[in-house]
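Written below as structure tokens is the structure these notes are about.
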Amino acid sequence: MSRITTVVVLLVLLAGCGKKASRQNDLLRARVMDLETQVQQLTDRNRELEAALTQVETPPGEPPEVVRAATPQVVRVEIDRLSHALDEDGDGQVEALKIYVKPADGMGRFVQLAGWLSVHAADLPPGAEAQTLGRITLDPTEVRQAYRTGFLGTHYSVTLPLTLPADRQEGPCAVRVIYEDGRSGSRVSAEREIDLQP
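Residue 180 in our numbering sits at position 186 of the sequence shown; the count goes up by one each step and never skips.
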């Protein structure tokens, strides 16, 4: 076999090994993603069952335990990525944040809120103390009124008024949402950075 033929054969063998390794890596990545999804689903379902167990025992005549266990419970809230800063009077200054909150039950499905919803925005400068820019708590009636469904999907819409320092108009702020369930008393929270750019 000539030197050129030997080189060609080696290149073909190396290419075949590379494809096989790449295929194995793709399969492993897909398996990891599948397992992470399963873990999230099991974690959410476990939280839902825990919330159901913390509910007060119902008196005779109320739904039986099997019905209570099948009742969806809020186990997760998310701040939607479309949440944004508002310049309500068009002067180029941010006055508020529009926060879109999406709750989910143990099966990852939208579930309505029946409790208290708190939203807190803060500056978290490195090496300095956090500074509150705005805070609001909606009671159960206000939470119900914040329910929306439309082209953004089904969600809760909260307008959070802000008080910004004179020199603070750009960059991200940290937003935290806490939901406290009115039946079980369980609490779930979510955080996201939102740019203070109208």
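Idealized CB from N, CA, C, for every residue including glycine.
**OP:** With DSSP as the reference, label residue 42 as helix, strand or coil.
**Re:** Sequence index remark: in the sequence shown, residue 42 carries index 48 (1-based). Helix at residue 42.
**OP:** Return the Cβ separation of residue 130 and residue 166 in integer angstroms, given the expectation that the two are a contact with Cβ distance under 8 Å.
**Re:** Against the sequence shown, residue 130 aligns to sequence position 136. Against the sequence shown, residue 166 aligns to sequence position 172. Actually they are not in contact, since the Cβ atoms of residue 130 and residue 166 sit about 19 Å apart, beyond 8 Å.
Original post:
Can you tell which of 104, 88 and 126 has the C-alpha that lies nearest to the C-alpha of residue 149?
Top reply: One-based indexing of the sequence shown puts residue 149 at position 155. Residue 149 has its Cα closest to that of 104, out of 104, 88 and 126.
Subject >> Cβ distance (whole Å) where residue 113 is taken to contact residue 169 below 8 Å >> reply: As a first step, residue 113 is located in the sequence shown; it is residue number 119 there, counting from the start. As a first step, residue 169 is located in the sequence shown; it is residue number 175 there, counting from the start. Between residue 169 and residue 113 the Cβ distance is about 7 Å, and since that is below 8 Å, they are a contact.
Original post:
What residues in its chain sit with their C-beta under 6 Å from that of residue 176, if we drop five residues either side in the sequence?
Top reply: Along the sequence shown, one-based indexing puts residue 176 at 182. Cβ within range, chain order: 108, 109 and 134.
Original post:
Alpha carbon to alpha carbon, what distance is there between residue 121 and residue 65?
Top reply: Numbered from 1 along the sequence shown, position 71 holds the residue referred to as residue 65. Numbered from 1 along the sequence shown, position 127 holds the residue referred to as residue 121. The alpha-carbon atoms of residue 65 and residue 121 are separated by roughly 46 Å.
Original post:
How is residue 65 classed by DSSP in three states: helix, strand or coil?
Top reply: What you label residue 65 is simply residue 71 of the sequence shown in a count that begins at 1. In this structure, residue 65 counts as coil in the three-state DSSP scheme.
Original post:
Counting pairs of beta carbons, one from the stretch 68 to 77 and one from the stretch 89 to 106, are three or more of them closer than 8 Å?
Top reply: Yes, the stretch 68 to 77 touches the stretch 89 to 106.
Subject >> Counterpart residues of residue 112 in DSSP-defined beta bridges >> reply: For the purposes of this step, residue 112 is taken as the residue at position 118 of the sequence shown. According to DSSP, which records beta bridges pairwise, residue 112 is partnered with 131 and 172.
Subject >> Outcome for residue 29 when other beta-carbon atoms lying within 10 angstroms are tallied against a minimum of 16 >> reply: For the purposes of this step, residue 29 is taken as residue 35 along the sequence shown, with counting starting at 1. Residue 29 comes out exposed.
Original post:
Taking the alpha-carbon positions, what's the residue 78 to residue 27 distance?
Top reply: Counted from its first residue, the sequence shown places residue 78 at position 84. Counted from its first residue, the sequence shown places residue 27 at position 33. Taking the straight line from one Cα to the other gives about 30 Å.
Subject >> Beta-carbon proximity check, residue 174 vs residue 191, cutoff 8 Å >> reply: As a first step, residue 174 is located in the sequence shown; it is residue number 180 there, counting from the start. As a first step, residue 191 is located in the sequence shown; it is residue number 197 there, counting from the start. In this structure, residue 191 does not lie closer than 8 Å to residue 174 by Cβ.
Subject >> Three or more C-beta pairs below 8 Å linking the stretch 56 to 65 and the stretch 80 to 89 >> reply: no
Subject >> residue 38 classed as buried or exposed, judged by whether at least 16 other C-beta atoms fall within 10 angstroms >> reply: Taking the first residue of the sequence shown as 1, we reach residue 38 at position 44. Looking at its Cβ environment, which holds 16 or more other Cβ atoms inside 10 Å, residue 38 is buried.
**OP:** Please name the residue, chosen from 75, 138 and 102, that lies closest to residue 92 on a Cα-to-Cα basis.
**Re:** Reading the sequence shown from its first residue, position 98 is the one you call residue 92. Nearest option by C-alpha distance: 75.
Subject >> residue 143, DSSP secondary structure in three states >> reply: Here residue 143 refers to the residue found at position 149 when the sequence shown is read from its first residue. Correct three-state label for residue 143: strand.
**OP:** Can you give me the start and stop residues for the beta strand (DSSP E) that residue 97 sits inside?
**Re:** Counted from its first residue, the sequence shown places residue 97 at position 103. Its beta strand (DSSP E) spans residues 90 to 98.
Original post:
Leaving out the 5 sequence neighbours to the left and right, which residues in its chain are closer than 7 Å to residue 140 when beta-carbon positions are compared?
Top reply: What you label residue 140 is simply residue 146 of the sequence shown in a count that begins at 1. 132, 150, 151 and 152, listed in sequence order.
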